[in-house]
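If you read the sequence shown in the numbering used here, its first letter stands for residue 13, the second for the next number, and so on. Even glycine gets a Cβ: it sits at the ideal position worked out from N, Cα and C.
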Amino acid sequence: MELKILTLNEINLAIKDEIASLLRRKPNAILGLATGSSPIGVYDELIKAYKAGDISFNEVTSFNLDEYFGLSGDHPQSYRYFMNTHLFDHVDILKSRTHVPSIDKNSEDYFETYDNKIKDHGGIDFQILGIGSNGHIAFNEPGTSFDSLTHIVDLKESTIKDNSRFFNSISEVPTKAVSMGLKSIMNAKQIVIIITGKNKANALKRLMSKEISTDFPASILHHHPKVTIYADQEAASLL
Ligand code: GLP
Numbered sequence: 013m014e015l016k017i018l019t020l021n022e023i024n025l026a027i028k029d030e031i032a033s034l035l036r037r038k039p040n041a042i043l044g045l046a047t048g049s050s051p052i053g054v055y056d057e058l059i060k061a062y063k064a065g066d067i068s069f070n071e072v073t074s075f076n077l078d079e080y081f082g083l084s085g086d087h088p089q090s091y092r093y094f095m096n097t098h099l100f101d102h103v104d105i106l107k108s109r110t111h112v113p114s115i116d117k118n119s120e121d122y123f124e125t126y127d128n129k130i131k132d133h134g135g136i137d138f139q140i141l142g143i144g145s146n147g148h149i150a151f152n153e154p155g156t157s158f159d160s161l162t163h164i165v166d167l168k169e170s171t172i173k174d175n176s177r178f179f180n181s182i183s184e185v186p187t188k189a190v191s192m193g194l195k196s197i198m199n200a201k202q203i204v205i206i207i208t209g210k211n212k213a214n215a216l217k218r219l220m221s222k223e224i225s226t227d228f229p230a231s232i233l234h235h236h237p238k239v240t241i242y243a244d245q246e247a248a249s250l251l
């Protein structure tokens, strides 16, 4: 696992550059995408690169990590809506090739299908991750099995509280989500994780302690051969 400490702007440009060079090498790459505030700057840089004619998403397929349970795709806080407004609506990706785990089909079969669909496309080439202050990745909360595939999650109080800033009140935050599992994420060929801001300093410190435990889901990334952590000075302040 490689740690790069950069400014926020440098992080966004560096990840954009990695994706741009992947798309030049492999125009039909499979991207694993994340929501939350962490990847927004990367998406902005990708849109700029697309508008400048440097890259095209025309042959790209994407799989998102997670989705709130109970919010439809046109709800402003749904992750489908987030992806449309922060990236998909501004580039030439075909919406039919963008996937967000569905909240409609509540059957075990369906969730297996999400992992199988990723496999059928040849697996995720490049996965972007953020991290929750409690170490969750996607919506894999502490205690999630390292063998987990896409599944329904009961969100922890701390996650509901962290994410309430996007809703009018904490009571509006869904208490369940559908999330790719830790095994689904570990199957990606390459992973970058963005860890920025003072409120992530403890999470980065814990990740860098190298202790691997389901109490801190992101720690499983130590077992992956190709992970880069992109952190800023504030997040790195406790190292
Ligand atoms: C949510 C998402 C995660 C994300 C995390 C951190 O819980 N499900 O995928 O990494 O929030 O979000 P942020 O980047 O806004 O700090």
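N- and C-terminal bounds of the beta strand (DSSP E) containing residue i
| i | result |
| --- | --- |
| I203 | 203-207 |
| K188 | 188-191 |
| T240 | 239-243 |
| D78 | 78-80 |
Contact belief for residue i with residue j at Cβ below 8 Å, rounded distance in angstroms
| i | j | result |
| --- | --- | --- |
| V204 | I27 | 6 Å |
| S84 | T110 | Between T110 and S84 the Cβ distance is about 16 Å, and since that is not below 8 Å, they are no contact. |
| L45 | M95 | 7 Å |
| D244 | T208 | 4 Å |
| I206 | P39 | Contact doesn't hold; Cβ gap of about 24 Å is too wide. |
Buried or exposed (CB count within 10 angstroms, at least 16 for buried), residue i
| i | result |
| --- | --- |
| S160 | buried |
| E184 | exposed |
| R92 | buried |
| A64 | exposed |
| G142 | buried |
| I182 | exposed |
| H148 | buried |
| H163 | buried |
| N146 | buried |
| P88 | exposed |
| E153 | buried |
| N128 | exposed |
| K107 | exposed |
| S231 | buried |
For residue i, the three-state DSSP class (helix, strand or coil)
| i | result |
| --- | --- |
| H235 | helix |
| G44 | strand |
| D166 | strand |
| H87 | coil |
| S225 | coil |
| N152 | strand |
| S108 | helix |
| S181 | coil |
| S74 | strand |
| I67 | coil |
| D159 | coil |
| S196 | helix |
| S176 | helix |
| L216 | helix |
| S249 | helix |
| N211 | helix |
| N96 | helix |
| H133 | coil |
N-terminal and C-terminal residue of the alpha helix (DSSP H) that residue i is part of
| i | result |
| --- | --- |
| E14 | Per DSSP, E14 belongs to no alpha helix (DSSP H); it is in the beta strand (DSSP E), 14-17. |
| I140 | Per DSSP, I140 belongs to no alpha helix (DSSP H); it is in the beta strand (DSSP E), 138-141. |
| L58 | 52-63 |
| L20 | 20-37 |
Residue i: CB within 7 Å of a non-hydrogen atom of the ligand FMN
| i | result |
| --- | --- |
| K238 | Judged by which ligands are present, the ligand FMN is missing from the structure shown, whose ligands are the ligand GLP. |
For the ligand GLP, residues whose Cβ lies under 6 Å from any non-hydrogen atom: Answer in sequence order: A46, T47, G48, S49, S50, L77, D78, G142, I143, G144, A150, F151, T171, N175.
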